[in-house]
Amino acid sequence: MPPINPFKSIISALRKFSNKNNKNNSSEEEEEEYIEEEENIKEEEILLPNNSNFLFLGTLESGKSTLFKQLKHISNKKSYSQMHYSLKNYILEEIIETMCLFGYEKKEEIEKYVGKEIIIMKDFYEHLLIFSEEKDLDKNDIWDKEFALQLKEFYFTNLNILQYFLCDINNKFCYNIDYYMNDFDRIMKESYTPNFKDYLTCRIKTAGIIDEPILYFNKTFTILDVSGARSERQKWKNIIIKPNYLIYTVSLMDYFRNCWENDFTNRLKDSLDLFENLLKNNYLQFNLLLPEINFILMFTHIDKFVKYLEINTNLPITVQRKEHSYLSNVFNEFKGNEFSLTDIFNFILQKYKDIYFKYRKEEIEYHVVNLLNENEVKTCWHYILTKKGKFISQLLNTHIKQPFNLQTKLFKSLQYNQFIDLYFK
Numbered sequence: 009m010p011p012i013n014p015f016k017s018i019i020s021a022l023r024k025f026s027n028k029n030n031k032n033n034s035s036e037e038e039e040e041e042y043i044e045e046e047e048n049i050k051e052e053e054i055l056l057p058n059n060s061n062f063l064f065l066g067t068l069e070s071g072k073s074t075l076f077k078q079l080k081h082i083s084n085k086k087s088y089s090q091m092h093y094s095l096k097n098y099i100l101e102e103i104i105e106t107m108c109l110f111g112y113e114k115k116e117e118i119e120k121y122v123g124k125e126i127i128i129m130k131d132f133y134e135h136l137l138i139f140s141e142e143k144d145l146d147k148n149d150i151w152d153k154e155f156a157l158q159l160k161e162f163y164f165t166n167l168n169i170l171q172y173f174l175c176d177i178n179n180k181f182c183y184n185i186d187y188y189m190n191d192f193d194r195i196m197k198e199s200y201t202p203n204f205k206d207y208l209t210c211r212i213k214t215a216g217i218i219d220e221p222i223l224y225f226n227k228t229f230t231i232l233d234v235s236g237a238r239s240e241r242q243k244w245k246n247i248i249i250k251p252n253y254l255i256y257t258v259s260l261m262d263y264f265r266n267c268w269e270n271d272f273t274n275r276l277k278d279s280l281d282l283f284e285n286l287l288k289n290n291y292l293q294f295n296l297l298l299p300e301i302n303f304i305l306m307f308t309h310i311d312k313f314v315k316y317l318e319i320n321t322n323l324p325i326t327v328q329r330k331e332h333s334y335l336s337n338v339f340n341e342f343k344g345n346e347f348s349l350t351d352i353f354n355f356i357l358q359k360y361k362d363i364y365f366k367y368r369k370e371e372i373e374y375h376v377v378n379l380l381n382e383n384e385v386k387t388c389w390h391y392i393l394t395k396k397g398k399f400i401s402q403l404l405n406t407h408i409k410q411p412f413n414l415q416t417k418l419f420k421s422l423q424y425n426q427f428i429d430l431y432f433k
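Be aware that the sequence shown starts at 9, since it is given in this note's numbering, and climbs by one per residue.
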């Protein structure tokens, strides 16, 4: 009789967990869960007063505008239809900018980091540079099928290398490039009409101050969005609508990235500094310490963060992890597991709590949400309006209930596939 392998049941559970997470968001199991949640929503009473104002603040690319789009959509399902065909130009610009970074500007650096050569098709560089330099042209007017095929071939040929590029602290490529490229054939059709997810994933710079009334169960609320870019924050003093609730968005991707505006300021540190400066009243004309203004922390990009941890955990032996990929290299006091979603999240949450408690005595409300999941956003929004408590995305909840904590010292010293092979045999 072969010896009992104590890790076999653990690995089996891990594989089931992995398969479950890889299911499409529209799976029957998930739909049933949220249908039940939506039925409960109708039975509960909204506790927040009518005409309450919600101001969204945060750093650049922290998820403010995506949350803004989602809430508009929940209130009015046709909110994105105004974009029409022009959305295609924004998407093509993002694809081209990313490919220029990957295949041209940072090519040598990436090849040195990964230890592999990026494969370039004939005449691809020249064609790519034409598109990147012609900023004023309609991308659709100069687009041709040959270049589209080259672009698609370039992306999928170098897909494994591109994944490691995600771990680069100074890259400025589009978070959603994988979504665009997997749907590339649909987007390139002449009859292309953007769907709501296209609208959500496309980065369109927020200009000025945008306020929008939204209706939810016969109550009206006003949501306000502003640009989070460092150069735009001085304009926040022009906000004249006094908020009842300030929702501060925090991207969980920030700790291993530097700011867009420079290549040396860590995004998470910038977000923490901005959060404290808001509490010091350095940006708004309102006194944010007044008890009638409520703070809410909204942690975003949990979906991308899980993907990042998976990529960073599974880097091949030939690829040496960069120092910034460890939270302890950004914050020396972090002593948790560098590959544990819950350890990293709890540390980041505590950082914001520590700042908040310097200025206010009450507990701060917080939520964790996958902004690309409409059902999660809707449920989280309802939690806020009914004061039901904190909403935690199922992505983080799964890790709390079934911790992905096989990343012990042993797991850290072995690659994921080696670990599976070693203990599952």
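We put the beta carbon where it would ideally sit given N, CA and C, even for glycine.
None of these values were measured; they are calculated from a predicted model.
Quiz item: Can you give the beta carbon distance from T106 to I185, rounded, assuming they're within the 8 Å contact cut?
Solution: With 8 Å as the limit, T106 and I185 qualify as a contact, their Cβ atoms being about 5 Å apart.
Original post:
Can you tell me whether T387 is buried or exposed, with buried defined as 16 or more other CB within 10 angstroms of its CB?
Top reply: T387 is buried by the Cβ-count criterion.
If the criterion is Cβ atoms closer than 8 Å, does the pair L55 and T394 meet it? Yes, they are a contact pair.
In whole angstroms, what separates the C-alpha of N29 from that of D311? Model confidence at N29 stands at a pLDDT of 45, short of 50, so the residue's coordinates are unreliable; what they give is reported in the following sentence. Distance between the alpha carbons of N29 and D311: 10 Å.
What did DSSP end up calling H309 once you bin it into helix, strand or coil?
-> Here H309 sits in coil by DSSP.
- Taking P251 and L63 to be in contact with their CB atoms under 8 Å, please state how far apart those CB atoms are, rounded to whole angstroms. That belief holds up - the Cβ atoms of P251 and L63 are roughly 4 Å apart, short of 8 Å.
So W389 packs on L79, CB below 8 Å; how close in whole Å? About 6 Å separates the beta carbon of W389 from that of L79, a gap short enough to meet the 8 Å contact definition.
| request: State buried or exposed for Q358, treating a residue as buried only when at least 16 other CB atoms are found within 10 Å of its CB. | output: Residue environment for Q358: exposed (fewer than 16 other C-beta atoms within 10 angstroms of its C-beta).
- For T230 versus N58, is the C-beta spacing smaller than 8 Å? No, these two residues do not count as a Cβ contact at 8 Å.
Is E220 helix, strand or coil by DSSP?
Residue state, collapsed to three classes: strand.
Could you please give the first and the last residue of the uninterrupted beta strand (DSSP E) stretch that includes K339?
Strictly speaking, residue 339 in this sequence is Phe, with Lys absent from that position. Where F339 is concerned, there is no enclosing beta strand (DSSP E), given that its DSSP letter is neither H nor E.
Note down, in chain order, each residue of its chain lying with its Cβ closer than 8 Å to the Cβ of L297, except the 5 sequence neighbours on either side.
Result list for L297: L287, N289, Y367 and R368, in chain order.
Identify the residues that DSSP records as bridge partners of F62: which are they? According to DSSP, F62 bridges with I231 and Y253.
Quiz item: Going along the chain, which residues of its own chain have a beta-carbon closer than 6 Å to the beta-carbon of F303, five neighbours each way excluded?
Solution: Answer for F303: L254 and I372, listed in chain order.
Exercise. L159: buried (16+ other C-beta within 10 angstroms of its C-beta) or exposed?
Worked result: With 16 or more Cβ atoms within 10 Å of its Cβ, L159 is classed as buried.
Burial state of I248 (16 or more Cβ within 10 Å): I248 comes out exposed.
Q. If you check the beta carbons only, do L280 and I363 fall under 8 Å apart?
A. Result yes, Cβ atoms of L280 and I363 sit closer than 8 Å.
Measure how close the beta-carbons of F353 and L260 come, nearest whole angstrom, since I'm counting them as under 8 Å.
The pair is a contact, with the Cβ atoms about 7 Å apart (cut-off 8 Å).
> So, helix, strand or coil for F355, using DSSP?
Replying inline: Collapsing the DSSP output to three states places F355 in a helix.
Q.
Between the alpha carbons of Y207 and I82, how many angstroms are there, rounded?
A. The C-alpha of Y207 lies about 14 Å from the C-alpha of I82.
State the DSSP-derived secondary structure class of N302, mapped to helix, strand or coil. N302: strand per DSSP, three-state reduction.
Coil, strand or helix - Y374 by DSSP | The answer is strand: DSSP assigns Y374 an E or B state.
Residue environment, L167, which counts as buried when at least 16 other CB atoms sit within 10 Å: With fewer than 16 Cβ atoms within 10 Å of its Cβ, L167 is classed as exposed.
Problem - Proximity to K315 [Cα-Cα], best of I301, V338, Y334 and L349 - result: Distance from the Cα of K315 is smallest, within the candidate group I301, V338, Y334 and L349, for L349.
Quiz item: CB-CB under 7 Å to K361, same chain, minus the five flanking residues each way: which ones, in chain order?
Solution: For K361, the CB contacts under 7 Å within the same chain, skipping 5 residues up- and downstream, are I372 in chain order.
In the DSSP assignment, what are the bridge partners of S259?
-> Beta-bridge pairing links S259 to T308.
Would you give the residue range spanned by the alpha helix (DSSP H) that F4 belongs to?
-> Here the chain covers residues 9 to 433 and nothing more, so residue 4 does not appear.
### Query
Looking only at DSSP bridge pairs, what is F400 linked to?
Residue identity check: residue 400 is Ile in the sequence provided, not Phe. When beta bridges are read from the DSSP output, I400 appears opposite V376.
Check whether K205 and L379 have beta carbons under 8 Å apart: Going by C-beta atoms, K205 is not nearer than 8 Å to L379.
(message) Measuring only the C-alpha atoms, how far is Y263 from I128?
(response) If I take the Cα positions, the gap works out to 32 Å.
Tell me which same chain residues have a C-beta within less than 8 Å of the C-beta of L95, skipping the five on either side of it? Closer than 8 Å at the Cβ level, and outside the excluded window around L95, lie P202, D206, Y207 and C210.
Residue(s) in a DSSP beta bridge with N274: Under DSSP, N274 shares a beta bridge with N266.
Simplified DSSP assignment, three categories, for M5:
Nothing about residue 5 can be read from this structure; the chain reaches only from 9 to 433.
Taking Cβ to Cβ, would you say I400 is nearer than 8 Å to V385?
No, these two residues do not count as a Cβ contact at 8 Å.
field: Neighbour-count burial assignment, S70, 16 or more Cβ in a 10 Å radius
entry: Buried, since its Cβ has 16 or more Cβ neighbours within 10 Å.
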